[in-house]
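Working notes for the structure below.
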Amino acid sequence: MIALSMRTSLPLVRLHQAATWALALPPAYLGVALLLTAAAFTRPNLLSPMLLLLIMRQAAPLGLAAMGQSLVMRCRSLDLSAGGVVAMVSFLLTSGALPLPGPLAIAAGLAVGALVGAVNGWMVVRLRASSVIVTLSVSMILSGLVIAWSQFRSAGDAPELLRAFGLARVWGVPLPPIAWLLLLVPVGLFLRSSAFGRAMDAVGANPRAAELSGLPHLRVLFLAHVASGLLSAAGGLLLLAFVGVGNVTLGNDLALNALAAAILGGINFGNGRGGMAGPAVAAFMLVFLFNFLTSLGLGEAGRLMLQGAIIGLAALAYALRHRGATST
Amino acid sequence: MTLARTGLTRYTVGLPLLLAVLLALSAADFRQPQNLVNFGGQVAALLIASLGQMCVTLVAGIDLSVGSVMSLASCLLVSQADPVLAVAMALAMGTLVGAVNGLGVAVAGVHPLVMTLSTATFLQGLCHAVLPIPGGQVPPSLVAAATGQVAGVPLPFVWCAVAIAALGALTTRTRFGLHLFAAGSHPRSAHLNGVRVRAVTVSAYVLCGVMAATAGVFLAARVATGDPNLGASFPLESVAAVALGGVQLTGGIGSVAGVVAGTLSLGLLTNGLNVFGVSPFLRGVLTGALLLAAVSVQRRRHVGL
């Protein structure tokens with residue numbers, strides 16, 4: 063690098079360094095930059111502060127689910143049960159099956175999420191079952207139950223408190239993204255500085271070494287699953303707050319989009335390089351992308367094709383960039 | 027518990043037998059020859075797709091794009107007048123998708139869930155571009171090939187038998203089959219022993235793509251029309267069938283016999299629910315419970331994925 067800088071001009075070297083630095087970032091950062099630039103030229107309306115805030119509001123549920131997903135992925139596990147959790151939470155809160163006042167109903171919804179996460183975690187940790195299969199089956203069971211029960215109890219309105227929360231603004235900023243950020247920052251700091259965060263990194267880097275060094279390997283993994291279930295339920299509550307009425311298909315794409323957001327945010331199985339900010343930026347990127355593609359007037363076909371291509375290419379670019387580091 | 031390379035245990039083999047005996051004893055309709063023929067048609071597509079899924083699972087991968095490949099195959103079938111050309115196009119598409127998935131996973135190192143999920147989304151869009159709404163006519167010769175009879179044997183059984191024989195021979199009788207198991211159980215030692223792990227992995231994904239396209243051709247011919255959402259339930263069901271059959275998602279353990287057993291279990295469950303008139307909405311619940319029970323009794327050393 064020094065020899066290079068003697069021969070070439072300093073700005074060029076700076077540029078090269080900047081490019082290297084940018085490529086090493088999670089793909090979501092570059093993706094957001096590219097998308098915002100593309101939108102500035104083709105659909106400048108999308109960049110108005112009001113719409114950006116609305117997009118952030120829309121991204122909050124995915125952001126919460128991606129946060130949970132990133133926690134389990136750091137521990138080399140996976141949680142695909144978000145769809146079922148959201149369906150169950152939405153059913154419990156809107157069908158009148160739980161005759162509880164608003165705050166208690168919301169707490170019950172969160173408790174259901176944590177419980178599902180605990181069941182997932184228990185099966186993964188104690189029964190040593192594959193997390194892909196466990197969480198998929200749990201999701202199938204929960205959505206199946208909700209569909210079967212919906213024949214007897216039709217979905218009604220979400221609790222008043224929840225709908226008010228979805229619409230509330232503080233100084234013009236919608237409350238859901240504020241709540242998302244308020245959760246994001248402490249959790250990020252906690253994982254960076256606490257012993258639990260260190261243990262999580264160690265478990266991800268090498269589960270066997272972590273276990274041999276006496277770290278509570280299984281407990282960390284279990285807690286990650288509980289947190290993921292809880293965050294999926296929180297995301298489901300936000301979705302419900304926006305839509306206002308119960309719906310079985312509310313969280314259908316949530317699990318896979320959360321997985322995509324975690325990966326685009328620089329999280330991979332066993333490493334948390336993207337931290338807490340990566341998945342959050344990726345969640346914003348995905349929701350902005352959906353809005354952008356809709357605003358371009360693309361039909362279902364073009365939207366899906368572009369969405370698949372963008373996620374795939376981002377993951378490819380990131381994987382090729384880090385291939386040397388991970389293949390050893 | 028140490029597992030044999032086949033992944034077969036008394037549970038994986040016993041479950042379909044138990045279900046079949048229960049159904050045969052309790053429901054007279056189940057024993058009707060017509061129901062058995064229907065049953066063959068119902069499970070054939072899932073069996074073909076699951077055998078492809080098995081190849082990918084053996085090298086520690088997973089393919090979520092099988093459903094979209096099946097849907098796209100059905101859309102291609104109705105958009106072409108010439109059946110031979112249509113089938114050739116569908117198979118070429120399956121090969122191409124498998125190659126892209128395989129190269130992304132084996133050469134670039136993208137996680138298989140993410141790689142195949144993005145190709146699945148792309149292909150789903152392509153399905154809607156080729157055929158926006160369900161409809162069209164599958165060529166009659168293909169319909170006959172999926173629903174007819176030869177010498178009194180319903181043709182779906184022939185499709186199943188050919189798929190089972192081909193994959194069985196490939197996994198247990200060829201060098202490639204041995205390499206599949208080697209690359210899946212320990213890629214590094216396989217590589218040190220001269221197995222071309224990347225080439226084997228790419229081939230496994232290509233094989234899965236071709237099998238998925240075949241399953242799509244069969245299913246489209248059976249329902250005689252094209253549908254952009256034809257295969258929507260197949261990614262999960264094929265993974266479920268593979269897992270019920272004792273194939274380990276961590277790679278290197280599995281067998282064609284196990285996949286047949288897993289597919290039969292799922293098929294018998296569906297058929298049994300129809301025969302008993304249970305709400306089809308509860309089918310997902312029962313499938314999920316069955317899967318949970320199946321993975322719970324196969325305790326692994328590995329924790330996590």
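Chains as they are written, first to last, in my numbering: chain A, 63 to 390; chain B, 27 to 331. We put the beta carbon where it would ideally sit given N, CA and C, even for glycine.
Positions of the alpha helix (DSSP H) runs, each at least 4 residues long and wholly inside the segment 104-185 of chain A, are given as 111-136 and 144-156 in order along the chain.
Chain A places no beta carbon closer than 8 Å to that of residue 95/B, leaving this residue out of the contacts.
Taking a beta-carbon distance threshold of 8 Å, residue 325/A counts as an interface residue toward chain B. Judged by pairs of C-beta atoms under 8 Å, the segment 43-63 of chain B does not touch the segment 252-270 of chain B, as fewer than three such pairs exist. Inter-residue distance for residue 154/A and residue 120/A is about 22 Å (C-alpha atoms, whole angstroms). Residue 264/A sits close to residue 277/A, with the two beta carbons spaced by under 8 Å. According to the DSSP assignment, residue 170/B belongs to the alpha helix (DSSP H) that extends over 166-173. Of 150/B, 120/B and 165/B, the smallest CA-CA separation from residue 158/B is found for 150/B. Restricting attention to 161/A, 130/A and 379/A, the CA atom closest to the CA of residue 242/A is found in 130/A. Between residue 321/A and chain B, the shortest Cβ-Cβ separation is below 8 Å.
For the pair residue 33/B and residue 284/B, the CB atoms are nearer than the 8 Å cut-off. Between the alpha carbons of residue 330/A and residue 63/B lies a gap of roughly 46 Å.
If you check each beta-carbon in the segment 344-355 of chain A against every beta-carbon of chain B, none falls closer than 7 Å. Of the candidates 185/A, 194/A, 104/A and 221/A, the residue whose Cα lies closest to the Cα of residue 166/A is 221/A.
Across the structure, residue 66/B and residue 145/A are spaced so that their CA atoms are roughly 32 Å apart. Taking the Cα positions, residue 213/A is about 28 Å away from residue 69/B. Per DSSP, the unbroken alpha helix (DSSP H) holding residue 238/B starts and ends at 223-249. Secondary structure of residue 255/B (DSSP, three-state): coil. Collapsing the DSSP output to three states places residue 231/A in a strand. Scanning its chain for C-beta atoms nearer than 6 Å, with the 5 sequence neighbours on each side dropped, one finds around residue 75/B the residues 92, 238, 241, 260 and 264, in chain order. With its beta carbon less than 8 Å from one in chain A, residue 150/B belongs to the interface. Scanning its chain for C-beta atoms nearer than 8 Å, with the 5 sequence neighbours on each side dropped, one finds around residue 137/B the residues 131, in chain order. When 74/A, 157/A, 275/A and 116/A are compared, the shortest CA-CA separation from residue 210/A is found for 157/A.
Within the DSSP secondary-structure output, residue 307/A pairs in a beta bridge with 219/A. Scanning chain A for C-beta atoms nearer than 8 Å to the C-beta of residue 224/B yields nothing, as the closest lies near 11 Å away. Contact of residue 131/A with chain B is not assigned, every C-beta pair being separated by 8 Å or more. Two segments are said to touch when three or more pairs of C-beta atoms, one from each, lie closer than 8 Å; by this definition the segment 334-344 of chain A does not touch the segment 352-367 of chain A. Taken in chain order, the whole beta strand (DSSP E) runs of length 3 or more contained in the segment 173-215 of chain B number zero.
Residues of the segment 112-144 of chain B with a C-beta less than 8 Å from any C-beta of chain A: 130, 134, 135, 136, 137, 139, 140, 141, 143 and 144, listed in chain order.
Residue 315/A: not part of any alpha helix (DSSP H); DSSP gives it neither H nor E.
Between residue 218/A and residue 309/A, the alpha-carbon positions lie close to 9 Å from each other.
Using a Cβ-Cβ cut-off of 9 Å, residue 367/A is close to 147, 148, 149, 150, 151, 152, 154 and 155 of chain B, given in chain order. Take residue 216/B, set aside five residues on each side of it, and the residues of its chain with a beta-carbon closer than 6 Å to its own are 208, 209 and 223, in chain order.
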